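Quick note: to get the working numbering, add 415 to the position in the sequence shown (first position is 1).
Even for Gly, the Cβ is constructed at its ideal location relative to N, Cα and C.
Quantities reported herein were computed from a predicted structural model and do not represent experimental measurements.
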Amino acid sequence: MNVLIVSCGSYVSQGYGCPGEWKCFKAARDREGNFKDYDSVNVVGFLTCECPGRSLIPNIGCVKKNVDFDVIHLSTCMANAWPACPYRDVDELAKKITEKFGVKVVKGTHDYA
């Protein structure tokens with residue numbers, strides 16, 4: 416399964432409860448968390464959504480032109496952010512991504528604390 420991971424740039428770069436992308440990559444490598452049902456996982460890209468998120472969908476489009484992916488995982492820090500993102504509703508974002516690119520969007524990557 417070719418996977419593109421999208422994370423919250425604020426959580427990753429500013430330390431709001433996420434120590435960085437290593438948890439997402441570990442879960443993908445070990446097929447844990449939201450990756451557990453895949454036979455194999457190949458992470459083909461890692462994007463961050465930067466506030467206020469205007470460039471995320473165009474950036475996914477740039478990746479899609481150059482790298483094929485089967486599914487997009489919105490990182491756990493993005494899917495379960497508290498407080499929630501003031502710019503994006505995660506469910507609406509997942510719907511827009513699916514409509515635009517025709518791929519499944521999974522909310523979450525890992526179950527680690």
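Boundaries of the beta strand (DSSP E) harbouring Phe461: Asn457 to Cys464, taken from the DSSP string.
For Asp526, same chain residues with a beta-carbon under 6 Å away, outside a window of 5 residues either side, are Gly448 in chain order. Taking 9 Å as the cut-off, the Cβ atoms of Cys423 and Ala509 do not count as close. Leu489 and Val458 do not touch by the CB rule: their CB atoms are close to 14 Å apart, not below 8 Å. Nearest in C-alpha terms to Cys466, of all of Lys522, Leu419, Ile420 and Ala499, is Ala499. Here the C-alpha atom of Thr524 lies approximately 23 Å from the C-alpha atom of Arg469.
DSSP lists Thr463 as the bridge partner or partners of Ser422. The three-state secondary structure of Lys522, taken from DSSP, is strand. DSSP, read as helix, strand or coil, puts Val505 in helix. Pairing Met493 with Tyr453 gives a Cβ-Cβ distance that is not under 9 Å. Leu419 and Ala528 have their C-alpha atoms spaced approximately 22 Å apart.
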